[in-house]
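Peer 1:
Numbering (UniProt numbering), first residue to last: 1 to 1126.
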């Protein structure tokens, strides 16, 4: 076998792998090589895939006494798996051999072995059937007997359904039949399991497309379809076709702008044929835009669009696009003419040669075909076929080429094959409020569930989260496992049974229940049924006398007395047995619990005919930490009248007669506002601003105070030892500047202004630019009061005296003001603001402002968010779901996680820098979030609750000794995708080490970095930008100009960066040289005083860039409000 015992056996993939392993085992017994060297020798003797696999093992692992075991385990994973795959492939035919119930499993396997030997399909010896097919042994087959109750059967069938890869009900029934199971109830249970399986619904096939659609037009110019087809990159042609006559028009475009579409549609169609009644297009932005809609309104055209991802909805123009494009390409290629000429003669050929209703489109539109050159009608000069004009020659050639190309395209077998391969469909209707899944072509699974909000023909509008999508009804699938949609799969059989029962009892009044349900009863169905007791008497009464308004939910327990036997029954509701709005709306499927002789059986009953019907109250388990607010008896009438009074007092509108002006509607937003006196009803009248014409062209953005600016404002107030105040403006948007455009709104019914409109004088809540008008008003009043606007933050204002000394500062966040100043400022400027604006609540010392709590103690302002943090709730999951750590989240779970991440990020950015890296890292995982991501979010919430962090703003000593200290840090390649995280902390520090925190940040470094030095440099550059911004704002708020900025000190724990800034030698990375040069320049300009190196343990920004980095140094510094800068 082996000629030299120092050389191991060679491996040939043509031989069985196990045979080679035996040779290696024998070789290890006779070779003289040391045990450590044997694995190395075998690995070097391998070739092909075996050698590639062996080379993946580190040499140190092979050079051990256990090296041979390590090598063989690695190879087993490759070659044994392949042999097992071939084994199972060989036995894949096992299920296709029908087993008679009288045939034992042993005889069944023997029969298969005989067939296997005759097939000779697989070139391998038949493995031991008892080992390979161990799950087919008699003692391990999941059997179902008639003695089992429904719950036990369902448990076994659910397991089978999942173990066989979510097999269909028919396949599982065949498997059960071959195993000897004859239980008739299995079919019903299996169909219900498959229909309610969420995985099967998500990955099921979409409905077949329609083979033939109903005609969209019965006369010329009734419905016109349009589409754009690309000829080459950057070049399209607009194709317009009449749905009745198939007459086509078009033109070549170089842009897809809506204005160009309108221009060519008017020129090519409306100017010739007049405006059509309907315009049919896809949902692309070139057709679904304001310009096209405006054209349609002015020409009295109804616009209809298809659903997304459903080109067959506009199938006529899609098919004609194919024909027309082939003609254009052939004419362009054979005659070397321009695109416009090719399109013109392609349209002429199609319109004159195509046969529709026995005539060409040209004949149907104009009454006759055009007089084109033809041997049947040509006069002698035309028969010569010669011309002196090159232009005429090209057109004549293009004409004949187009006609030939049309004939070829029309007979194209490829088009015939594409057109005839269509399948039938069912025309489903979707009701508003139904839950559905929808399919997209770029995703293998169904998306959703979403809620149907309307249907327009074949287009169904579905709301999924905060997005509204248009879906063709063929790409929709109803959710079948919802309470209101639960219908047993044997509805047809049960309906027949119901009719037989009704007919046998001679009930002649059954049609009385066929009407629609009472809306009041419908609303009752959505409410709780606790403590509900319904008694229904039977006998000679008609159905009209029975109470049929009782609606049950899945899982409710019923107690009733049987009419015939008088026995008491207890049963669980499984779902409806008939449609909720149909003839059998009072029929339900029940699972009997008592008496014992019928326990486990199911049946359908008419609850309107049950005696002594009682519904056991249900107990809902709720989270005791959640607040429950009942607004049933709260009236907002007084609040609405107060809001209308505010509109009148602020002279917001004037009443005009309605004379067809374009107007927008309004709605009420009613809330309960928490005040020191308790919860108070508040009502806000809001205009639906999105209805305004050309709202996208309005300037909407308005300045609000940045978080860093707010902290700096606090630091300045504490440094000047002023008192901190807050001011709330009532109905702020109603006090904005006068409107510069005409807007009419429809008054609410509470205003009692029928037949009139309100012409707005001022911007109101709901309009896109309302906040901008309010800010302009604030800016106007502040300037009138002698204030100045900050150059770096337009939402910050300050006042100076005759000596240019700052006497007061104010920042605005929409309608919330925060301010501080001298006594003279408080007596002159603030009363002026109170006289101009309607001021609500004013507070000082202790108050809440933009979600943060401010407490002043001994001239020190403490800022925290403890009350908000303690109200944050973790995301609850069921125990079975919580252990699926690597399972991806569904859309509902993602929405909940997204909300929690938003809360965590907001807290971390406002008052908890110690949690900022965890929050930022968590947000980056949202796209591919798993259950483990939810656990991480819950841990961060627990971390926030476990420690109370307070930011201290205090007097820091002499102004000349103040400086901005920037702590910057980066962690190279520490993110899950190899990215680098950078972060910084900026504080305003005095000579004694006391400081006030101003800004912190933790985010991914914008560009790819190749070293730690690059990451640290970019992180410092980002921090320097923020520090310069804060320095200029501080200079404005303390001296009234930007020329007295405090010096900046940069602190880093990277020696290489400090050395690079001091050295004249350039770094090797050329892109990095620019960043380092800019920092050096700032040092030379004395914008930066110096750059210091710090030990990593004393780097306050270290926890902003690393997971698990200790934050106790940062928390201690924030708590003490002091840090010794070495």
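Positions of the beta carbon are idealized from the N, C-alpha and C atoms, including for glycine.
Quick caveat, the model's predicted, so the values are computed rather than measured.
Can you give, in chain order, each stretch of the alpha helix (DSSP H) that sits fully within the segment 908–963 and has at least 4 residues?
Peer 2: Entirely contained in the segment 908–963, the alpha helix (DSSP H) runs reaching 4 residues are, in chain order, 916–923, 931–946.
Peer 1: Which residue from 917, 874, 1023 puts its Cα closest to that of residue 985?
Peer 2: Among 917, 874, 1023, the Cα nearest to that of residue 985 belongs to 1023.
Peer 1: If you compare alpha carbons, which of 1088, 874, 556, 886 is closest to residue 897?
Peer 2: Out of 1088, 874, 556, 886, 874 has the C-alpha closest to the C-alpha of residue 897.
Peer 1: Among 1125, 1080, 574, which residue has its Cα nearest to the Cα of residue 1142?
Peer 2: Since the first residue shown for the chain is 1 and the last is 1126, residue 1142 is missing from the structure and cannot be characterised.
Peer 1: Going by alpha carbons, who is nearest to residue 474 out of 468, 467, 437?
Peer 2: Of the candidates 468, 467, 437, the one whose C-alpha sits nearest the C-alpha of residue 474 is 437.
Peer 1: Just tell me which of 915, 221, 151, 963 has its CA closest to the CA of residue 192.
Peer 2: Taking only the C-alpha atoms, the option nearest residue 192 is 151.
Peer 1: Looking at residue 448 and residue 893, is the spacing between their C-beta atoms short of 9 Å?
Peer 2: Going by C-beta atoms, residue 893 is not nearer than 9 Å to residue 448.
Peer 1: What separation, rounded to the nearest whole angstrom, lies between the Cα atoms of residue 656 and residue 584?
Peer 2: Answer to the nearest angstrom: the Cα atoms are 54 Å apart.
Peer 1: Thinking residue 1049 and residue 965 are a contact (beta carbons under 8 Å), I'd like their distance in whole angstroms, please.
Peer 2: Going by Cβ atoms, the distance from residue 1049 to residue 965 rounds to 5 Å, so yes, they are a contact pair.
Peer 1: Looking only at its chain, what residues have a beta carbon closer than 6 Å to the beta carbon of residue 904, apart from the 5 residues adjacent to it on each side?
Peer 2: Excluding residues within five positions, the ones whose Cβ falls inside 6 Å are 919, 940.
Peer 1: In whole angstroms, give me the CA-to-CA distance for residue 521 and residue 197.
Peer 2: With a pLDDT of only 36 at residue 521, under the threshold of 50, the placement of this residue in the model should not be trusted; the figure read from the coordinates follows. So the two alpha carbons sit approximately 31 Å from each other.
Peer 1: Exposed or buried, which one is residue 942 when buried takes at least 16 other CB atoms within 10 Å?
Peer 2: With fewer than 16 other Cβ atoms within 10 Å, it is exposed.
Peer 1: By the 10 Å Cβ neighbour count, where 16 or more other Cβ atoms means buried, how is residue 1054 classified, buried or exposed?
Peer 2: Under this definition residue 1054 is a buried residue.
Peer 1: Do residue 370 and residue 1136 have their beta-carbon atoms positioned less than 9 Å apart in this structure?
Peer 2: In the structure as shown, the chain begins at 1 and stops at 1126. Residue 1136 is therefore absent and cannot be evaluated.
Peer 1: So, residue 858 versus residue 772, is the Cβ gap smaller than 9 Å?
Peer 2: The answer is no: Cβ separation not under 9 Å.
Peer 1: Any idea if residue 963 is buried or exposed, counting beta-carbon neighbours within 10 angstroms, 16 or more meaning buried?
Peer 2: Per the 10 Å Cβ criterion, buried.
Peer 1: Should residue 652 be labelled buried (16 or more other beta-carbon atoms within 10 Å of its own) or exposed?
Peer 2: That one is buried.
Peer 1: In or out: residue 698 buried (at least 16 other Cβ within 10 Å) or exposed?
Peer 2: Residue 698 comes out exposed.
Peer 1: Among 1069, 650, 636, which has the Cα closest to the Cα of residue 669?
Peer 2: The option with the nearest alpha carbon to residue 669 is 636.
Peer 1: Can you tell which of 252, 824, 271, 243 has its C-alpha closest to the C-alpha of residue 279?
Peer 2: Closest by alpha carbon: 243.
Peer 1: If you follow the alpha helix (DSSP H) that residue 589 is in, where does it begin and where does it stop?
Peer 2: Element bounds for residue 589: not the alpha helix (DSSP H) but the beta strand (DSSP E), 587–594.
Peer 1: Starting from the Cα of residue 554, find the closest Cα among 567, 563, 566, 571 and give me that residue.
Peer 2: Ranking the options by Cα distance to residue 554, first place goes to 571.
Peer 1: So, are the CB atoms of residue 745 and residue 665 less than 9 Å apart?
Peer 2: For residue 745 and residue 665, yes; Cβs fall inside 9 Å.
Peer 1: Can you tell me where the beta strand (DSSP E) with residue 811 in it begins and where it stops?
Peer 2: Per DSSP, residue 811 belongs to the beta strand (DSSP E) from 806–813.
Peer 1: Is residue 764 near the ligand ADP, with its Cβ less than 8 Å from a heavy atom?
Peer 2: Among the ligands in the structure shown, none appear at all, so the ligand ADP cannot be discussed.
Peer 1: Where residue 268 and residue 458 are concerned, what is the direct C-alpha to C-alpha distance, given to the nearest angstrom?
Peer 2: For residue 268 and residue 458, the distance between alpha carbons rounds to 29 Å.
Peer 1: Within 10 angstroms of the Cβ of residue 777, are there 16 or more other Cβ atoms? Answer buried if so, exposed if not.
Peer 2: The residue is buried, with at least 16 neighbouring Cβ atoms inside 10 Å.
Peer 1: Say whether the segment 825–832 touches the segment 741–759, bearing in mind that this needs 3 or more beta-carbon pairs closer than 8 Å, one atom from each stretch.
Peer 2: Not touching, per the Cβ criterion.
Peer 1: Run through DSSP, which three-state label would residue 327 get?
Peer 2: If DSSP states are grouped into helix, strand and coil, residue 327 belongs with the helices.
Peer 1: For residue 1004 versus residue 1068, is the C-beta distance shorter than 9 Å?
Peer 2: For residue 1004 and residue 1068, no; Cβs fall outside 9 Å.
Peer 1: Rounded to whole angstroms, what's the CA-CA distance from residue 497 to residue 579? Just pull it up for me.
Peer 2: Low per-residue confidence applies at residue 497: pLDDT is 40, beneath 50, and the placement is therefore not dependable, though the value from the model is reported in the following sentence. Cα to Cα, the separation comes out at about 15 Å.
Peer 1: What first and last residue would you give for the alpha helix (DSSP H) that runs through residue 1080?
Peer 2: 1070–1084 is the span of the alpha helix (DSSP H), which, as asked, contains residue 1080.
Peer 1: Please confirm whether residue 36 and residue 67 have their CB atoms less than 9 Å apart.
Peer 2: For residue 36 and residue 67, yes; Cβs fall inside 9 Å.
Peer 1: Could you pull out every residue in the same chain whose Cβ sits closer than 8 Å to the Cβ of residue 1029, ignoring the five residues on either side in sequence?
Peer 2: Excluding positions up to five away in sequence, the list reads 708, 792.
Peer 1: Using CA coordinates, which residue listed in 785, 851, 813 is at the minimum distance from residue 827?
Peer 2: Selected option, being the one with the closest Cα: 785.
Peer 1: When DSSP labels each residue in this structure, what does residue 761 get in the three-state scheme?
Peer 2: If DSSP states are grouped into helix, strand and coil, residue 761 belongs with coil.
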